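Please read the structure below before turning to the comments.
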Amino acid sequence: MLLLASPLAFWAQSRVQGAGQTSSLAGPADPQIVAALQDVSAQRIQSNIEKLVSFGTRLTLSAQDPASIAAGRGIGAAREWIKSEFERYSKECGGCLEVKTDSFTEHPADRIPAPTEITNIYAVLKGTDPGSANRIVLVTGHYDSRNSDTLDRKGDAPGANDDGSGTAVSLECGRVLSKHRFPATIIFLAVAGEEQGLNGSKHFAQMAKQQGWNVEAVLNNDIVGGDKNPQQDASVVRVFSAGLPVAATEQQVRMIRMLGGESDSPSRELARYIAEVGRTYDAGVKPVLVFRLDRYLRGGDHYAFNQQGFTAVRFTEFREDYNHQHQNLRTENGIEYGDLPKFVDFDYVARVARLNAATLASLAAAPAPPSNVRLLTKNLENDSTIMWEPSPGGRVSAYEVLWRATSSPDWEHSERVGNVNRATMKMSKDNVIFAVRAVGVEGRPSLPVVPLPER
Numbered sequence: 000m001l002l003l004a005s006p007l008a009f010w011a012q013s014r015v016q017g018a019g020q021t022s023s024l025a026g027p028a029d030p031q032i033v034a035a036l037q038d039v040s041a042q043r044i045q046s047n048i049e050k051l052v053s054f055g056t057r058l059t060l061s062a063q064d065p066a067s068i069a070a071g072r073g074i075g076a077a078r079e080w081i082k083s084e085f086e087r088y089s090k091e092c093g094g095c096l097e098v099k100t101d102s103f104t105e106h107p108a109d110r111i112p113a114p115t116e117i118t119n120i121y122a123v124l125k126g127t128d129p130g131s132a133n134r135i136v137l138v139t140g141h142y143d144s145r146n147s148d149t150l151d152r153k154g155d156a157p158g159a160n161d162d163g164s165g166t167a168v169s170l171e172c173g174r175v176l177s178k179h180r181f182p183a184t185i186i187f188l189a190v191a192g193e194e195q196g197l198n199g200s201k202h203f204a205q206m207a208k209q210q211g212w213n214v215e216a217v218l219n220n221d222i223v224g225g226d227k228n229p230q231q232d233a234s235v236v237r238v239f240s241a242g243l244p245v246a247a248t249e250q251q252v253r254m255i256r257m258l259g260g261e262s263d264s265p266s267r268e269l270a271r272y273i274a275e276v277g278r279t280y281d282a283g284v285k286p287v288l289v290f291r292l293d294r295y296l297r298g299g300d301h302y303a304f305n306q307q308g309f310t311a312v313r314f315t316e317f318r319e320d321y322n323h324q325h326q327n328l329r330t331e332n333g334i335e336y337g338d339l340p341k342f343v344d345f346d347y348v349a350r351v352a353r354l355n356a357a358t359l360a361s362l363a364a365a366p367a368p369p370s371n372v373r374l375l376t377k378n379l380e381n382d383s384t385i386m387w388e389p390s391p392g393g394r395v396s397a398y399e400v401l402w403r404a405t406s407s408p409d410w411e412h413s414e415r416v417g418n419v420n421r422a423t424m425k426m427s428k429d430n431v432i433f434a435v436r437a438v439g440v441e442g443r444p445s446l447p448v449v450p451l452p453e454r
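When the letters of the sequence shown are read in order and numbered with numbering that gives the first Met the number 0, they come out as residues 0 to 454.
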């Protein structure tokens with residue numbers, strides 16, 4: 000097939016014709032997911048962002064004593080409000096959400112001059128299938144904010160876009176998806192301490208790792224407000240993903256380089272999954288895949304999950320306006336500085352929330368990915384034989400083999416091979432990149448898994 004010159008041009012391909020049966024990564028649109036997306040409200044998102052801004056500052060170091068919470072000022076008041084929102088959603092769905100807090104004391108560091116209590120808030124929508132409920136997909140945003148000084152405890156730091164927008168996405172996904180049920184578990188998370196050094200997400204990811212949580216995917220939303228600057232492209236959202244896995248060992252890195260797998264980390268496969276979900280569901284915003292861990296020499300909470308070996312990506316608006324980010328409120332030379340709600344495009348945030356919700360729901364409705372996927376390399380031959388262990392849970396109807404040119408950014412072809420654990424493809428492994436995914440009884444496919452060589 001003709002390879003597209005532009006890395007963005009594959010958006011136009013809803014399906015690429017291949018040698019085998021071609022199918023959408025996210026499958027046909029699910030009516031339940033469509034209904035959930037229609038429930039996303041830009042007005043509610045606006046109300047939530049304005050409420051977060053009303054706390055004056057949400058700096059991690061700001062007040063969280065009872066008097067300040069009662070007065071509605073500081074990060075403590077923001078924390079209690081977020082928790083109450085998740086609890087309200089749970090009440091509306093008959094107690095379907097388990098609302099929890101993850102509190103810890105962060106010891107002094109560069110941006111934390113004294114021991115500081117940090118609290119993450121999360122709501123768990125437990126999966127309905129006993130065989131799949133241990134699988135977790137997660138959406139997060141950070142609710143702390145800052146101005147020009149990361150140690151300014153009292154000055155206003157509205158944080159409407161950074162990251163009231165991401166927090167609002169997590170809240171709105173919790174509200175709309177809690178009205179539905181899925182085989183796997185979904186967690187809606189709001190973390191603190193991001194601006195001081197990813198403290199909240201580091202603690203949460205470490206907790207998940209230590210407790211053996213099976214977290215398949217993390218969607219981090221940070222600066223998704225669609226800042227109203229003239230050069231903004233409100234039709235797209237960037238999705239950042241790491242190539243070489245952050246937690247890879249030296250031996251694993253050597254293997255990745257030998258196989259040419261620098262663009263096939265689990266996080267890259269999640270990014271491609273998001274792109275296909277965006278083509279299946281009309282969220283109103285298209286994901287542009289940026290094959291980089293994050294913006295140039297900058298970082299976010301998904302990195303903390305990557306460090307623990309979890310699959311995680313970051314959503315961020317197309318063009319940031321740095322006058323409206325990490326700034327004291329002021330006007331100089333006719334330029335207004337500060338992260339205020341009036342610069343946020345609430346309709347854009349709603350579209351990003353729909354893309355997140357569609358991805359979460361698609362993953363939670365799909366079976367687990369196959370495990371121990373390997374490509375047989377003992378014999379020199381032009382055919383390629385792939386083997387795998389069946390997905391647990393008993394919800395698989397078939398498996399599909401995907402492949403693409405080594406130079407292609409996205410999967411180009413797929414062939415359904417049945418409910419088996421082995422397939423031989425009539426093409427050379429030297430010329431393409433393969434992956435295998437499970438397809439559920441309802442047609443929902445899992446994340447794809449790229450095989451490792453087996454001699």
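The beta carbon of each residue, even a glycine, is placed where N, CA and C say it ideally should be.
The structure presented is a predicted model; accordingly, all values stated were derived computationally and were not measured.
Beta carbon of residue i nearer than 8 Å to that of residue j
| i | j | result |
| --- | --- | --- |
| residue 234 | residue 289 | no |
| residue 163 | residue 88 | no |
| residue 181 | residue 122 | no |
| residue 192 | residue 143 | yes |
| residue 362 | residue 216 | yes |
| residue 168 | residue 214 | no |
| residue 135 | residue 56 | no |
| residue 44 | residue 349 | yes |
| residue 29 | residue 364 | yes |
| residue 82 | residue 100 | yes |
| residue 325 | residue 147 | yes |
| residue 439 | residue 394 | yes |
| residue 261 | residue 375 | no |
| residue 447 | residue 435 | yes |
| residue 71 | residue 63 | no |
| residue 159 | residue 48 | yes |
Environment of residue i [buried if 16+ CB atoms lie within 10 Å]
| i | result |
| --- | --- |
| residue 114 | exposed |
| residue 323 | buried |
| residue 106 | exposed |
| residue 417 | exposed |
| residue 429 | exposed |
| residue 316 | buried |
| residue 437 | buried |
| residue 334 | exposed |
| residue 424 | buried |
| residue 419 | exposed |
| residue 352 | buried |
| residue 118 | buried |
| residue 310 | buried |
| residue 321 | exposed |
| residue 413 | buried |
| residue 61 | buried |
| residue 126 | buried |
Identity of the residue in the options nearest residue i by Cα
| i | options | result |
| --- | --- | --- |
| residue 90 | 124, 302, 335 and 432 | 124 |
| residue 226 | 302, 359 and 336 | 336 |
| residue 267 | 42, 348 and 218 | 218 |
| residue 232 | 295, 334 and 318 | 318 |
| residue 391 | 242, 367 and 108 | 367 |
| residue 314 | 241, 207 and 396 | 241 |
| residue 399 | 29, 421, 245 and 78 | 421 |
| residue 109 | 247, 194, 128 and 396 | 194 |
| residue 32 | 359, 65, 236 and 260 | 359 |
| residue 188 | 141, 62 and 320 | 141 |
| residue 197 | 41, 254, 221 and 153 | 221 |
| residue 410 | 65, 432 and 206 | 432 |
| residue 450 | 415, 270, 312 and 265 | 265 |
| residue 94 | 166, 49, 178 and 321 | 178 |
| residue 382 | 427, 373 and 414 | 427 |
| residue 286 | 295, 259 and 269 | 269 |
| residue 35 | 223, 176, 230 and 308 | 176 |
Residues that DSSP places opposite residue i in a beta bridge
| i | result |
| --- | --- |
| residue 457 | With the chain covering 0 to 454 only, the question about residue 457 has no answer from this structure. |
| residue 414 | 400 |
| residue 162 | Beta-bridge pairing links residue 162 to no other residue. |
| residue 424 | 383 |
| residue 437 | 398 |
| residue 318 | Partner(s): none; residue 318 has no beta bridge. |
| residue 331 | 334 |
| residue 121 | 99 and 188 |
| residue 74 | DSSP lists no partner for residue 74. |
| residue 219 | 139 and 313 |
| residue 444 | 438 |
| residue 213 | 134 |
| residue 304 | According to DSSP, residue 304 bridges with nothing at all. |
| residue 237 | 287 and 315 |
| residue 32 | Its beta-bridge partners do not exist; DSSP assigns none. |
Task: Inter-stretch contact at 8 Å, needing at least 3 Cβ pairs: the segment 260–277 / the segment 340–353 - done: As far as the Cβ criterion goes, the segment 260–277 does not touch the segment 340–353, which means the pair count is below three.
TODO: Decide yes or no for the touch test of the segment 303–313 against the segment 196–212: beta carbon pairs closer than 8 Å, at least 3 of them.
DONE: Yes, they touch.
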